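Student: Protein chains in written order, with my numbering: chain A, -12 to 396; chain B, -12 to 396.
Protein chains: 2
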Amino acid sequence: MSLIVQKFGGTSVADAERLFNVAQIVTETAVEGNSVVVVVSAQGDTTDTLLAKAAEINPNGSKREMDVLLSTGEQASMALLALAIERTGFSVITLTGWQAGFKTDTAYGNARIEEIDCKRVQSELDRGNIVIIAGFQGINKYDDITTLGRGGSDTTAVAYAAALKADLCQIYTDVDGIYTTDPRLVANARKLSEISFDEMLELASLGAQVLHNRSVELAKKYNVNMEVLSSLHRVPGTKVKEASDVEKLLVKGIARDNDIARISIVGVPDEPGVAFRIFSLLAQKRINVDIILQSIGRDGSKDISFTIAHGNLGTTLDLLHTNAGMFNAKNITFDENISKVSIVGAGMATNPGVAAKMFEALYEAGINIQMISTSEIKISVLIQRSEAERAVSVIHDYFNLGTGGEKTV
Amino acid sequence: MSLIVQKFGGTSVADAERLFNVAQIVTETAVEGNSVVVVVSAQGDTTDTLLAKAAEINPNGSKREMDVLLSTGEQASMALLALAIERTGFSVITLTGWQAGFKTDTAYGNARIEEIDCKRVQSELDRGNIVIIAGFQGINKYDDITTLGRGGSDTTAVAYAAALKADLCQIYTDVDGIYTTDPRLVANARKLSEISFDEMLELASLGAQVLHNRSVELAKKYNVNMEVLSSLHRVPGTKVKEASDVEKLLVKGIARDNDIARISIVGVPDEPGVAFRIFSLLAQKRINVDIILQSIGRDGSKDISFTIAHGNLGTTLDLLHTNAGMFNAKNITFDENISKVSIVGAGMATNPGVAAKMFEALYEAGINIQMISTSEIKISVLIQRSEAERAVSVIHDYFNLGTGGEKTV
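#1: Indicate whether the contact test is met: 3 or more Cβ pairs, each with one atom in the segment 41 to 61 of chain B and one in the segment 70 to 89 of chain A, closer than 8 angstroms.
#2: Please check if any C-beta of chain A sits within less than 8 angstroms of the C-beta of SER49/B.
#3: Does any C-beta atom of chain A lie closer than 8 angstroms to the C-beta of ASN245/B?
#4: Short of 7 angstroms in beta carbon distance, which residues of its chain neighbour VAL396/B, apart from the five on each side in sequence? Order them along the chain.
#5: Please report the residue range of the alpha helix (DSSP H) in which TYR159/B lies.
#6: Taking the alpha carbon of GLY125/A as the reference point, which residue from ALA262/A, LYS106/A, THR93/A, LEU155/A has its own alpha carbon closest?
#7: Let me know if GLN86/B comes out buried or exposed under the rule of 16 or more other beta-carbons within 10 Å of its beta-carbon.
#8: State the Cα-Cα distance for the pair VAL27/A and LEU135/A, rounded to the nearest angstrom.
#9: GLY312/B by DSSP, collapsed to three states: which one?
#10: Scan the segment 286 to 335 of chain A and note each continuous beta strand (DSSP E) run of 3 residues or more that stays entirely inside, going in chain order.
#11: Roughly how many whole angstroms lie between the Cα atoms of VAL162/A and THR(-2)/A?
#12: Counting only runs of 3+ residues fully inside the segment 189 to 248 of chain B, write out the beta strand (DSSP E) ranges in chain order.
#13: Mind checking if ASN116/A is an interface residue toward chain B, Cβ cutoff 8 angstroms exclusive?
#14: Taking one C-beta from the segment 169 to 177 of chain B and one from the segment 218 to 235 of chain B each time, how about it: are there three or more such pairs within less than 8 angstroms?
#15: Spatial neighbours of ILE363/B within its chain, please: CB distance less than 7 angstroms, with the 5 preceding and 5 following residues excluded, ordered by chain position.
#16: Measuring alpha carbon to alpha carbon, tell me which of VAL379/B, SER292/B, SER140/B ends up nearest PHE321/B.
#17: Which residues mark the beginning and the end of the beta strand (DSSP E) in which LEU280/B is found?
#18: Does the structure place the segment 305 to 313 of chain A close enough to the segment 278 to 290 of chain A that three or more beta carbon pairs sit under 8 angstroms?
#19: Looking at chain A, which residues of the segment 311 to 328 of chain B have a Cβ within less than 8 angstroms of any of its Cβ atoms?
#20: Using a Cβ-Cβ cut-off of less than 8 angstroms, give me the residues of the segment 22 to 46 of chain A that come near chain B, in sequence order.
#21: Flag GLU73/A as yes if its beta-carbon sits less than 8 angstroms from any beta-carbon of chain B, otherwise no.
#22: Is ALA121/A helix, strand or coil by DSSP?
#23: Looking only at DSSP bridge pairs, what is LEU(-10)/B linked to?
#24: Would you mind reading off the limits of the beta strand (DSSP E) that contains PHE386/A?
#25: Could you say which of MET358/A, LYS152/A, SER373/A lies nearest to SER367/A if we only look at CA atoms?
#26: For LEU56/A, would you say it is in contact with chain B, using Cβ-to-Cβ distances shorter than 8 angstroms as the test?
#27: Of all the residues that make up the segment 139 to 170 of chain A, which are near chain B by a beta-carbon distance shorter than 7 angstroms?
#28: Given this structure, state the Cα-to-Cα distance separating LEU37/B from LYS272/A, to the nearest angstrom.
#29: Just grab the DSSP bridge partners of TYR166/A for me.
#30: In terms of residue numbering, what span does the beta strand (DSSP E) encompassing LYS272/B cover?
#31: Taking the DSSP output, what are the residues bridged to PHE(-5)/B?
#32: Near ILE247/A, what residues of its chain come up, given a Cβ to Cβ distance below 8 angstroms and the 5 sequence neighbours on each side ignored?
#33: With DSSP as the reference, label LEU82/B as helix, strand or coil.
#34: Based on DSSP bridge pairs, tell me the residues matched to LEU369/A.
#35: Which residue from ASP257/A, LEU216/A, LEU304/A puts its Cα closest to that of GLN281/A?
#36: Taking DSSP's pairing of strands, which residues face ILE250/A in a bridge?
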């Protein structure tokens, strides 16, 4: 008998019909002889509705009370799912974050896991119950409700899978797996049957938006077998597992990220400490910097360029102008009409020439590269946003991703 | 410095505007130097919406999961009220039933209080916080969420007022107090400035529907000073207190109850045990019987008549017919077109002639009385439903309730 954790997102539990569909998936899994732990998100756009209600009353409300408010969404949806499962005759019980022993730190709105106390969950499983846990929420040392931030239900699911040593953690969502690239952009995008944690992490942080990054990090840390699949189309999804269990392709997938802006600080003195001063300034304001490029010093000065999330552009420019004296720049420029296009594949670490091939594809398509950044298993380029979709498409074709990709040599 | 518990019902917190209004009442009370504990119901028709959602999925769902679902209503509304109060600059904190130490038995959907552990509430008050508690909900010995049943938020408020030894428990609602009778029926119905617990209990159970009976019983038991008042019209309400502190009027108020049906069991043997067999049968099915009348035996047989809530009529008739052999009746009749009209007043216990005066009023109006039932401070009559409104009106006039009523002699 296996233990399977199944997580269902907001669209999968949006209404009565969807809930019955989920009840069917869950009970079929139980009929096959498995113990089942279910993690649910809030129904449909419940969270957005609650956020709007709160914003109408107080856009600057305390995070503690926002968590009290938002956590009701998952509590309601798990109860409704339980009612749907009860109709099938299966024994089922729901547990909120605090009932399920999901202990976090005190960072309301973006809490981190401190401990998963599985006693109650395990005893309910031992009684033969299907156990439904409210995703996204926990309890801190003050006995206060916390939430994990957006996408937190994925993290909840993986955390219980790790703590209960589950055989599989299935993330049911509204897409049926991880694709070589966004199928809405590239017609012959292909669903991957498997992907490594590291590749998934690069793709997720690069804008693929299927799995929440924290959940993949956690799954990697505790080696939890994950599967991403659709609750509506009952076809095999994409398995996410350790790199050693995954076939190494030169390029696994291509991601595009439009939520990005570039800032360049031009003509700062070519002396130690300049980069430190700039980026510690940003860190203090909790502004995440993605790609950083520094030009080689010339005539005693150099340029520093970096990218940030587009929403942070205004704050960042204000901050830099206000503190311009600290780094003595000649000029500060920015570009918000850019996209980041990235290729990811565990095979590229040991296969030279992947980067060159990507650049060749872009060159032949006449697309200019503004910045380049690379890691072990990823190559990112910044290009004009108007050319991003075409860039994804030509790279996808160049590496033959639609027909299976290229094996490593 | 006084400690005041304020309870706000669903209409008082229905939307942002109403929540700001409540925030104003609460903070004004705090400005006056009082410690404030606030108990809230779910917003507007939230509970009905949740019930409808659940019924669509499973009309026979477990009460445990219904409680998980319904308790989200109060949790959401208390968080929204906290956000509104935060805007005023006051320190405020919300507590769910389990956080506030509201411990109940395991009767999901209709739980009874076992213990109020005020540690957390008291420590938040000591820190200078306005404390908002979710009404209607508690936690049982399994760490499961329970609810108190309809009107439970009143009970929550009184329970904390008793446990914290509060100076006053204000029940804010959509009416501005307790009236001599329903102002929609009788134009010159008058708001009472005060009423005793016992009078309130008789009026509440007789259909006055302003305060939940359990809350008044609890207030009487722990001698909690209550006040019923409107959250919208800021005028003095009605104080509910110990009988010894309340002016004794012959008749305090008049109630009408249309949710009633009469059943008569005609011609049962005039021998011991017949009534016992009939009413223990009903008790087993948890059917509450209100008025019971038994005729004097004649020719070896007698008639037994009683009233029940209208919704129980079908079940009760089925039950009686199925078990007719147990009491050997000649016939079973019923009447569902009746109303109960009752007058309540602590003074009537020591003042003879009140009943006669009520009957006189009805006689002069040509209204026939079908059944009569009396208690220490109440006289009820059953009459045709079509005459009930007129009956209330003539009795109201006969006792001069519109102009202050008659003092006891």
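In this text, a Cβ means the ideal position worked out from N, Cα and C, and glycines have one as well.
Note that the coordinates shown come from a computational prediction; the quantities given were computed from them, not determined experimentally.
Tutor: The short version:
#1: yes
#2: yes
#3: no
#4: Note that VAL396/B has pLDDT 47, beneath the 50 cutoff, so the model's placement of it is unreliable and the number below is only indicative. So the list reads ASN338, once near-sequence residues are dropped.
#5: Per DSSP, TYR159/B belongs to no alpha helix (DSSP H); it is in the beta strand (DSSP E), 155 to 160.
#6: THR93/A
#7: buried
#8: 14 angstroms
#9: helix
#10: 288 to 295, 318 to 322, 325 to 331
#11: 10 angstroms
#12: 213 to 217, 225 to 228, 240 to 244
#13: no
#14: no
#15: A small fix is needed here, since residue 363/B is Glu in this sequence, not Ile. ALA336.
#16: SER292/B
#17: 276 to 281
#18: no
#19: none
#20: LEU37, LYS40, ALA41, GLU43, ILE44, ASN45
#21: yes
#22: strand
#23: SER22/B
#24: Run containing PHE386/A: none; DSSP gives neither H nor E here.
#25: MET358/A
#26: yes
#27: none
#28: 41 angstroms
#29: LYS178/A
#30: First-last for LYS272/B: undefined, no H or E at that position.
#31: VAL27/B, TYR159/B
#32: ASP277, THR294, ILE295, ALA296, HIS297, ILE325, SER326, LYS327, LEU369
#33: strand
#34: LYS327/A, MET358/A
#35: ASP257/A
#36: PHE293/A, PHE321/A
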